[in-house]
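K.L.:
Here you go, one structure.
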Amino acid sequence: MTEPRRDHYVPPATGDDTRAVIDAAVESLGSLRGLDWEGDAVATLHLVASLVAEARSRVPRAVADARYQRCSWAQVADLLGVTRASAWQHYASRAATGTRALAPD
């Protein structure tokens, strides 16, 4: 994804492939935690919420890595499905940790 044109970047998407990965992750996490979760809505909610929290915690690092590889804030925003200003405001200070300074562009 190094194409400089903004229309090349694909915003977040869901579909059969994403659902299959999430279903497999829920099943795997439930097994790893030793839960008898199949058909248990509370356990399923816990597993899904755990996966969402872990994924959310990884976004700032992924943004920092993209910026380090010269991805513009506009491109980051497109990939996250938000505005450029929102991406910069939310991630600039967090993404700078452990990487070079991230200036708005």
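Residue numbers for the sequence shown follow this note's numbering, beginning at 95 and rising by one. The beta-carbon is built from N, C-alpha and C at its ideal position, and this holds for glycine as well. These figures come from a predicted structure and were not determined experimentally.
Closest to L126 by CA distance: which of L141, T112, A135, V115 is it?
P.N.:
Comparing Cα-Cα distances from L126 to each of L141, T112, A135, V115, the minimum goes to L141.
K.L.:
Does V170 pass the burial test, meaning 16 or more other C-beta atoms within 10 Å, or should it be called exposed?
P.N.:
Classification of V170: buried, given that the 10 Å Cβ count is 16 or more.
K.L.:
Less than 7 Å separating the beta-carbons of D159 and P105?
P.N.:
Contact: no.
K.L.:
Thinking C-alpha only, which one of A181, G133, A143 is nearest A156?
P.N.:
Comparing Cα positions, the closest option is A181.
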